[in-house]
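What follows is one structure encoded as structure tokens, with my remarks underneath.
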Amino acid sequence: MLDVAVGGVTVETGLDIFVASGGARTALKEPTAPAPATLRLNVGGPAVAGYTPDTPYVTNGPATKVWTSAKEVSTAAPDAAPAAIYATQRWGKELAYTFPLPAGTYTLRLHFAELYSGAAFIGGRVFSITATGGGATVTLDKVDVFESAYWATASSRTLSVAVVGSGGLHLMLKSMDIDGNGRQSVTLSAYDSHTHRFHDDGSSGELLSFIWTAMATGEELGSGISVVVEFPLGTTAVKLTVVDDGGNASDAESVVTVVGSLAPGAYCYYYAGNAGGEEKPIFAAVSEDLNFPTAASFPEGPQGRSGFKQRCLFLYKAPVDGAYAFDAAFASGEMELTVDGASVLAASAGGSSTASGQVWLAAGMHEAVTTYRHNSGGAAATVSVTAAGSGPMPKGSMEWDRATVVPVVTGIEPASGGLSQGTRVTVTGVGFYTADTQVTFGGVSATAVVRDGSTRLTVEAPAAAAAGDVDVVVTTGGGVAGEGGVSGGLTYTYEAAAADPIKFTETSLKSANGGDYYIAGPTSIALGPDGRVYVGQYKEYIQALTVDPTTHVVTDSCVSESVGEKRSVLSLAFDPMADGDGLSLLAATSLLYYTQNHGRPLSEWDNGEVVVLRPSTGDNCLVVDQVLLSGLPVSNHDHAVQALEWDQEGRLLLVAGGQTNMGANVRGIRLGGVDETPLSAAVLRAAVHAPNFDGHVTYDQTADARMSRQTGGWGVAVHASGIRNSYAMVLHTNGELYGTDNGPNGGFGDVAIGCDASAAGFTQKDKLLRLSRGGYYGHPNRNRARDDGRQCTYHRNAEASRGGYTGPLADLGRSSINGVTDGRSSSGSTQRVQLAAGGARVASITDLFGFSGLLMAQTPAGVVLAPQPQKNRVLVAAPDYPTPPAAAGPVVVGVGPHRGRAAGGNTVTIAGHHFGEGIPAATIGGAPCTDVRAVAVDGRSFQCTAPRGTPGSLVRVVVTTSEGRVSAMTAGRGDYWYMDK
0 MLDVAVGGVT
10 VETGLDIFVA
20 SGGARTALKE
30 PTAPAPATLR
40 LNVGGPAVAG
50 YTPDTPYVTN
60 GPATKVWTSA
70 KEVSTAAPDA
80 APAAIYATQR
90 WGKELAYTFP
100 LPAGTYTLRL
110 HFAELYSGAA
120 FIGGRVFSIT
130 ATGGGATVTL
140 DKVDVFESAY
150 WATASSRTLS
160 VAVVGSGGLH
170 LMLKSMDIDG
180 NGRQSVTLSA
190 YDSHTHRFHD
200 DGSSGELLSF
210 IWTAMATGEE
220 LGSGISVVVE
230 FPLGTTAVKL
240 TVVDDGGNAS
250 DAESVVTVVG
260 SLAPGAYCYY
270 YAGNAGGEEK
280 PIFAAVSEDL
290 NFPTAASFPE
300 GPQGRSGFKQ
310 RCLFLYKAPV
320 DGAYAFDAAF
330 ASGEMELTVD
340 GASVLAASAG
350 GSSTASGQVW
360 LAAGMHEAVT
370 TYRHNSGGAA
380 ATVSVTAAGS
390 GPMPKGSMEW
400 DRATVVPVVT
410 GIEPASGGLS
420 QGTRVTVTGV
430 GFYTADTQVT
440 FGGVSATAVV
450 RDGSTRLTVE
460 APAAAAAGDV
470 DVVVTTGGGV
480 AGEGGVSGGL
490 TYTYEAAAAD
500 PIKFTETSLK
510 SANGGDYYIA
520 GPTSIALGPD
530 GRVYVGQYKE
540 YIQALTVDPT
550 THVVTDSCVS
560 ESVGEKRSVL
570 SLAFDPMADG
580 DGLSLLAATS
590 LLYYTQNHGR
600 PLSEWDNGEV
610 VVLRPSTGDN
620 CLVVDQVLLS
630 GLPVSNHDHA
640 VQALEWDQEG
650 RLLLVAGGQT
660 NMGANVRGIR
670 LGGVDETPLS
680 AAVLRAAVHA
690 PNFDGHVTYD
700 QTADARMSRQ
710 TGGWGVAVHA
720 SGIRNSYAMV
730 LHTNGELYGT
740 DNGPNGGFGD
750 VAIGCDASAA
760 GFTQKDKLLR
770 LSRGGYYGHP
780 NRNRARDDGR
790 QCTYHRNAEA
800 SRGGYTGPLA
810 DLGRSSINGV
820 TDGRSSSGST
830 QRVQLAAGGA
840 RVASITDLFG
850 FSGLLMAQTP
860 AGVVLAPQPQ
870 KNRVLVAAPD
880 YPTPPAAAGP
890 VVVGVGPHRG
900 RAAGGNTVTI
910 AGHHFGEGIP
920 AATIGGAPCT
930 DVRAVAVDGR
940 SFQCTAPRGT
950 PGSLVRVVVT
960 TSEGRVSAMT
970 AGRGDYWYMD
980 K
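What the sequence shown shows, in numbering that gives the first Met the number 0, is residues 0 to 980, in sequence order.
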């Protein structure tokens, strides 16, 4: 609201104005009692309660927006306006008004109320007010409505302005950039974006355009795969629009949140014991109101709830000059409150007690500290600080400053490692608020520091010259003189005998000329028992590559015949039950985007197949021997038949991806517009070696996917349900089946909240699943729900297992995590997820290297291969570790394939170091591995024929050189796993 008065008579009143700091809303409200013959203006709204629209006076109307709020405003101020006037506002980065007033001196009274939750904190909205009439310009800088009046409460500013001449009075309200508080530069990155378009030759399409816009205003923020944009405090919705080389456009939305340095409440540190001194805190937590009425109301932390010290820091806001009184109630210990360094109240007692104090404060913010020391063995800990005579501390009266918080380290994992640089360590704690966060090990800086919120850091430990214990310390960028911004330390142990950390070097499969080996649209990968690398392609072919294991150069290649016109090969797996060294390669193939790309009707969702290829001496080195499975469901998008794996009985396991985003084919056209089917969104099981196996699935009809029934191909059945889109599974050597599952995307279809009800969909990150027979994992299938009511309802990642639903082992916190492999290299784990004993729980999740591909295959030497379809190449992640000394003798690193039939007779490759210049010998589970051949000249690998073994046993591999030197026992539980048959 704005009042304009001449000679004490109001001529303009009731102008309610919203301005913005960087585009958010700020309320400036002027409620006044009407004077006779006054003109009252309702900003952004119609005539109401004697107020008229402000439109005739707005000089930059197109640059502003109107907003309506139903929020009730406290109008206790003497000059508050009627409540109806606060219902509409006008806001923008600048608001400009011109009032055609004659010469004279005018008083402007501007009244405000903050109604936007995104700016409901100090610094959330800061702006200036400038008024001029041709004479002296009057300016109010750094107006912060929330700081002056808190939330939804009227406050005011008054200006006296002289109008000289006939130009009238001009009013400008303008957002301000307050360095270090009002705005923040944020990097927007689209590096993870990719197109699903492939060219006719099978190569990947390209993204040509990246446009970033603010959703509220439509303002273009920038263009390019990565841009730096300055955002205001609060939340800003952002949209990214990408366009590929086929003209296909897609949008994604996100919210950028920039928080100010100040936050409501007090920040409380906790110390072991109740002594004084300069000790470091061992825990910290925010308190909203300094009220801890019972011992259980104190935060649970390492300090315990008896015999500890609590120290709470906050800025106390005095609204006006005056005397302020405080009360404290506490039990068994000492209590003190200081304001601006002076003691306000202090007392000690063996039981329950109270204390009171008073201090004169000028209007504004004041540094305050409460200190409570609880005596161990006395009455249970309790402490409360209140404003004398008015109960709990008033809302908005306390704030703490993130920039001054002392970090506290509460855990490190692992707590020990080798002397070499590079052990990945996760540091947990509280108070890691500043971007400039450093971690030291015994005073030596860690590298690769990544801050994941305010409670988690991941780092690489520095090298150490000798074994021993060091303190891990975190330093944040607050730089507070009294606190130092430096945490206490937790102990990390360097161990001379510990294995060196495994690091990975990124490269790719190479051509003879040193460049990337080109493969158009690689989408799947498998290592053959013949030692070659087999790569499936988006377009209908499989390449077999001979690769030098040291240089990663492709020395020979051949290509299969077509697996079917325009079919994509999304998974490969060799049959471990094949006789001897018979190469029996299974390929999962599908027609992706079968309607939009291939002109097929929506009813042809049953186009998925698994084919068997065998070697050939003709023009193609692999030919299709048979279609093993057919009639499998494929979405009219890119969820298809994939994730081939074998169980210990020799049964084939595979995934049929979901047809829908979240179980309901409502607003789901972006994912293909087809309902779930009898076999979609599931892990399937096929006993392909059983007598009279029938894998050719048929249905009663396919026109209505939701009502379709399976009528044939009963050799294929659902093993586990509720899987949206798992692109890879692995049977771990612990006997459990694991898979990743891609989470849903907001805007790609509704979420099923029952068999017939749905709601707007939302985004969930990918998850890791432990897949058990008969389990339901949360993605609905209304087709199967006719017989299994569990499958009517969607379950979020965070939901615990209940009522027939099995929750994930872990929310992976990211999207498009597709590959999974069982790390088997005994020179060091390439696993990203560490499982607890029994495999039913995740012990830790660690990022081992910052590059990836669509799937993963691991060689016997521990090299990870991953196809990158958007780059038309295969990534190589080579383990980087010191070569074991030759004096230590032969070292076994790994075996591939790591699993085989109990009857033996299949070829295995054994990789490692120092196998000697002659012909080595090997045993698997104590039995000779015969017919040693293909011995590498560098002594790092050879092949042999696996012996018969005990069904289901996990056994060791031992190598003996021609000189008689024997390898030491390998790490882990075993090297080679015999199947049950």
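Glycine is no exception: its CB is placed at the ideal position from the N, C-alpha and C atoms.
TODO: Would you kindly work out how many angstroms separate the C-alpha atoms of H1025 and V443, rounded to a whole number?
DONE: Lying before the first or after the last residue shown, residue 1025 is absent from the chain, which here runs from 0 to 980.
- [ ] For I541, I'd like the list of residues in its chain whose CB is within less than 8 Å of its CB, leaving aside the five on either flank, ordered along the chain.
- [x] Y533, V534, G535, V558, S559, V562, V568, L571, L584, A586, L612 and L621
| query | Quick one: is S165 buried, meaning 16 or more other Cβ sit within 10 Å of its Cβ, or exposed? | reply | exposed
Using a Cβ cut-off of 8 Å (strictly closer), state whether A378 contacts chain D.
Protein chains in the displayed structure number just one, and chain D is not present.
Excluding the 5 residues flanking R823 on each side, which residues of the same chain have their C-beta closer than 6 Å to its C-beta? With a pLDDT of 37 at R823, under the threshold of 50, the modelled position of this residue cannot be trusted; read the value that follows with caution. Counting only Cβ-Cβ distances below 6 Å, and skipping sequence neighbours, we find G893 and H897.
Q | For Y270: DSSP bridge partner residues | A | K308
Give the secondary structure of F145 by DSSP, where H, G and I count as helix, E and B as strand, and everything else as coil. helix
| task | Check each candidate in C791, G530 and T104 and name the one with the smallest Cα separation from S556. | result | G530
Start and end of the beta strand (DSSP E) containing I541?
I541 to V546
On the DSSP bridge assignment, give the partners of K509 in chain order. D515 and V552
- prompt: So, is R932 buried or exposed, given that buried needs 16 or more other C-beta atoms within 10 angstroms?
  reply: exposed
- Message: Using DSSP's beta-bridge definition, name the partner residues of N290.
- Response: S383
I need the straight-line Cα distance from S510 to V546, nearest angstrom please. 10 Å
Worksheet item: How big is the Cα-Cα spacing for L767 and S800?
Response: 14 Å
From the DSSP output, read off the bridge partner residues of W399. A262
Check: How long is the line joining the alpha carbons of T944 and V449, rounded to whole angstroms?
Finding: 46 Å
For T104, which option in V162, I128, A151 and V185 has the closest C-alpha, if you only look at C-alpha atoms? V162
Item checked: Assigned exposure category for V965 - 16 Cβ within 10 Å defines buried -> exposed
| query | Taking just the CA atoms, how far does G233 sit from R24? | reply | Here R24 scores only 31 on pLDDT, less than 50, and its place in the model is too uncertain to base an answer on.
| said: Can you confirm whether the region 715–722 touches the region 682–689 when touching is taken to mean that 3 or more C-beta pairs between the two stretches lie within less than 8 Å? | reply: yes
Quiz prompt | Distance, L114 Cα to A75 Cα | solution = 16 Å
May I ask you to list the residues that DSSP assigns as paired with D470? T490
**Prompt:** In chain order, what residues of the same chain lie with their CB nearer than 6 Å to the CB of D699, ignoring the 5 residues before and after it?
**Reply:** R708 and T710
- Give me the Cα-Cα distance between T31 and V42, rounded to the nearest whole angstrom. With a pLDDT of 34 at T31, under the threshold of 50, the predicted position of this residue should be treated as unreliable, and no value is reported.
*Can you have a look at N59 and say buried or exposed, based on whether 16 or more other CB atoms are within 10 angstroms of its CB?*
exposed
Among Y85, G132, P81 and D78, the one whose alpha carbon lies nearest that of P99: G132
Does the distance from the C-beta atom of V458 to that of A466 stay below 8 Å? no
- Spatial neighbours of V527 in its chain, beta-carbon cut-off 8 Å, leaving aside the 5 residues before and after: It should be noted that the sequence gives Gly, not Val, for residue 527. The residues are Y533, A543, F573, L582 and L584.
Exercise for review: Please specify which runs of the beta strand (DSSP E), each continuous and at least 3 residues long, are wholly inside the region 178–255, giving them in chain order.
Suggested key: 182–188, 206–213, 219–222, 225–231 and 233–243
Query - Helix, strand or coil at M171 according to DSSP, with G and I counted as helix - result: strand
(message) Quick test of your reading: Q790 and Y775, contact by CB under 8 Å. State the CB separation rounded to the nearest angstrom.
(response) 6 Å
Item to complete: Measure the C-alpha to C-alpha separation of V610 and G951 and round it to an integer number of angstroms.
Response: 28 Å
- Message: Suppose contacts are defined by Cβ-Cβ distances below 8 Å. Is G721 in contact with H636 by that definition?
- Response: no
Top-ranked residue by Cα proximity to P280, from V472, M334 and D624
V472
Give the single residue among D930, T929 and F914 whose Cα lies nearest to the Cα of G938.
-> F914
Check: Residues bridged to G132 by DSSP?
Finding: V162
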